[in-house]
Every structure is written in C-alpha cells, then in structure tokens.
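A.B. asks: In this note's numbering, the protein residues as written are 9 to 360.
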Ligand code: NAD
Ligand code: TYD
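Structure representation (structure tokens):
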C-alpha cells in the first residue's frame, strides 16, 4: 500500500481517486483537514475497503510512526502543504509550520521506519515529495523555461517554504540514503480546485455576477497543467524515477492571466449564457497587484519526457472545457466549500 498525505486537498484527492480507478493497491490517506482539505472530495471512496482515511498532521511524529508501523507502506507521497501564495503573504507562519517543520518531521518518521525495513524493502521504498515550479522564482520574458538545474530563487513565503522542504528532502537522500523523488510542477487546474485560486474563483464569481478580480495588468504568465496529467506524471515518477532525482512537470502551455480569464468567460458564455445576453467578460475588474508578484513561470518538461516517457495528455482547450463543465455540474460542492472560513478569507483578501 501507499501513504498519501494531503489527500483531501485539490491535487491529493485527484491523485487518490485516479490511483484507485487505475488499480487495487490500497491507499492510506493522512490529512489535517485545514480550510483547504475537504473530505467531500473523497466521498466516492467512503465505502471502499481499499481506502483508509486518517485525520492528522504530517508534523505529528508519533501518529505518523504509528501509521507506518501498522500499515507498512511501500511508498509515502507528500502532497500536504499550505499552498496559497496570497494566504502566505497575509500569514506566513502556517507555511513554515507545515511546509518546513512538517516536512522535516515527516522525513524523520519515514527515515526511522525505512531504516528498520528488510534490505530488499528498503531498496524498493520511495518517498515522493510533490513540489512546485515557484521555487525557481520569476522568469524574464523570453528567458528559457526552468530546467531541473535552474537555481532556487523563491520570492514568496509560500515558495520559500516549499524550496526549504525540497532542500530537506534532497539532504535526507544525500545524508541518510533515503530513496526520495521530487517533482516540481507548474500551475494545476481541474476538478476539486478550491475557489480562491485563479481559475475556480473566476468560474464561481462569474456565475453569481461578482467581479472577476485580475491582479495588476493581468500579463503575468503561468504554465497551466490539467490536474490529471500531474497525477499521471507522479505515478510515472513513482514507478520509474531515479532516487535522488527531481523531475519538472509542466503542460507546455504558457498563458497570461488575462487570457485565462477570457477563455473561462467565453466558455461560460457558451455553456451557461446569461439571460440578459451580456458577456461574462464584462465582470472583469483590474485590482491592486499582489506584492512581489512573480511575472512569469515556465517549465521545461523535457527530462521527464526523455527519461520516463511522460507527457501531458490534455491540451489547455480540452482541459479547461472539462474543468468549467465540472464546476457547472457540481454546484453543491461549490456551495459547501464556501463556508464561513472561506467568506472571511475573501473579505480579507479583496476588502481593498
Ligand atoms: P491544497 O491546499 O488544495 O491541499 C493541501 C492539503 O494538505 C489539504 O487537504 C490540507 O488539509 C492538507 N494539509 C495542510 N497541512 C497539513 C498538515 N500539516 N498535515 C496534513 N495535511 C495537511 O493544495 P494542492 O493544490 O492540492 O497542492 C498539493 C501539493 O502540490 C502541495 O504540496 C503544493 O505545493 C503542490 N503543488 C500545487 C500546485 C497547484 O497548482 N495547486 C502546483 C504545483 C505543486
Ligand atoms: P493562483 O491561482 O493564486 O496561483 P499561483 O499564485 O500559485 O500562481 O494565481 C494564479 C495567477 O493568477 C497569479 O499570477 C495570480 C493571479 N490571480 C489574479 O489575477 N486574481 C486572483 O483573484 C487570483 C486568486 C490570482
């Protein structure tokens, strides 16, 4: 079996659902259920004997040690993190706690468990750390995309805390021999994405007639990857990646934010036209920029393609259409995540 942390979040939940749809190897899920963790994402597995959910913190060494001893996973996949840049600007503490201290404690618990395994199981064991392209910092227009050799230059509390966790993972391999793998992926989009991130926020706001807040001039560039492609990349790295290596994962799809927002608006015009005939794009509202906003991220994903034969299956056109449809088809999911905590956050972020 495998242990998946952060499994009730956006990418972790997609990963667990896809994993169990594609095979029968059981999954032990560990998630602290922060504002971003939502058990509804895993509701379809409620009666599935292949899935066990545990509510807990990756930084709880005793709990993690107990789980490892009892379930004896062959791999640990670490998705658990505080993940929202804007939240990290308002309050960096949780990011240091989970992304840095939590990853450290998880690594220590895993190292203790791994050291006690028989030699063959030790060699086969993997610790896969899920990270982000944001650790590389910002690219100038026209500069080559990030390769795995690009220096770390994180600019936000979020990316700095993820870079710190990547360094810890690397050191646990180099110093202790723990068989680790790290993936650094570009921006994901798709089902179960919490509606405070760009794409789901635009869909959800558009449908209720609210402004669509575009930071600064909207010309910041991100490389967007459909979440299920990210999940397939992680499965491939787990299966065939070389311990100690990092793999960049991306969609070869650089787009300025404003183009993303226009694409979402055009799809909504087609799939859920407004009764009065007006266009969703009329709701676009330029707002104050994010402090220290990285201008451009771009991933060079040639290593994972060359060495492991992975490339994305989805184009942006097909992935964004599926995503918009998913939000239109799941109004209850949207209503439930828009709880009190979510509303407070929106007030803090967009008050100005
Ligand atoms: P998310 O915020 O949607 O989910 C994070 C999950 O981790 C939540 O379920 C939360 O409850 C859980 N969690 C937080 N702190 C925890 C702790 N201390 N112990 C146990 N569980 C805890 O994030 P996501 O978008 O699904 O991202 C998952 C991972 O992928 C993160 O490590 C993130 O840095 C990385 N990543 C995300 C993107 C993206 O575009 N979303 C891109 C590249 C990499
Ligand atoms: P986000 O989804 O927060 O991901 P990240 O900051 O990790 O890339 O934001 C994606 C881009 O969209 C980023 O450049 C910030 C921008 N953005 C807006 O313009 N308006 C918004 O309301 C949000 C949430 C993001």
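All residues carry an ideal CB built from backbone N, CA and C; glycine is no exception.
Is residue 190 near ligand 1 - that is, is its Cβ less than 6 Å away from at least one heavy atom of it?
C.D. replies: no
A.B. asks: Are residue 222 and residue 292 closer than 7 Å when you measure CB to CB?
C.D. replies: yes
A.B. asks: In the DSSP output, what is residue 193 paired with across the bridge?
C.D. replies: Answer is 140 and 257, bridged to residue 193.
A.B. asks: What is the DSSP secondary structure of residue 133, reduced to helix, strand or coil?
C.D. replies: coil
A.B. asks: From the DSSP output, in three-state form, read off residue 3 for me.
C.D. replies: Residue coverage of the chain in this structure runs from 9 to 360, which leaves residue 3 outside it and unanswerable.
A.B. asks: Tell me whether residue 296 is buried or exposed, calling it buried when 16 or more other Cβ atoms sit within 10 Å of its Cβ.
C.D. replies: Taking all protein chains shown into account, residue 296 has fewer than 16 neighbouring C-beta atoms within 10 Å of its C-beta and is therefore exposed.
A.B. asks: From residue 251 to residue 310, what distance separates their C-alpha atoms?
C.D. replies: 18 Å
A.B. asks: Can you check DSSP and say which residues form a bridge with residue 231?
C.D. replies: 262
A.B. asks: Note down, in chain order, each residue of its chain lying with its Cβ closer than 8 Å to the Cβ of residue 115, except the 5 sequence neighbours on either side.
C.D. replies: Excluding positions up to five away in sequence, the list reads 135, 176, 177, 180 and 186.
A.B. asks: Report whether the distance from the Cβ of residue 65 to the nearest heavy atom of ligand 1 is below 6 Å.
C.D. replies: yes
A.B. asks: Going by other Cβ atoms of all chains shown within 10 Å of its Cβ, with 16 needed for buried, is residue 190 buried or exposed?
C.D. replies: buried
A.B. asks: At which residues does the alpha helix (DSSP H) containing residue 312 begin and terminate?
C.D. replies: For residue 312, the enclosing alpha helix (DSSP H) covers residues 310-316.
A.B. asks: If you compare alpha carbons, which of 126, 64 and 261 is closest to residue 80?
C.D. replies: Scanning 126, 64 and 261 for the CA closest to the CA of residue 80 turns up 126.
A.B. asks: Does the distance from the CB of residue 96 to the CB of residue 194 come in under 7 Å?
C.D. replies: Going by C-beta atoms, residue 96 is not nearer than 7 Å to residue 194.
A.B. asks: Please list the terminal residues of the continuous beta strand (DSSP E) segment that includes residue 59.
C.D. replies: 59-63
A.B. asks: Rounding to the nearest angstrom, what Cα-Cα distance links residue 141 and residue 52 in this structure?
C.D. replies: 31 Å
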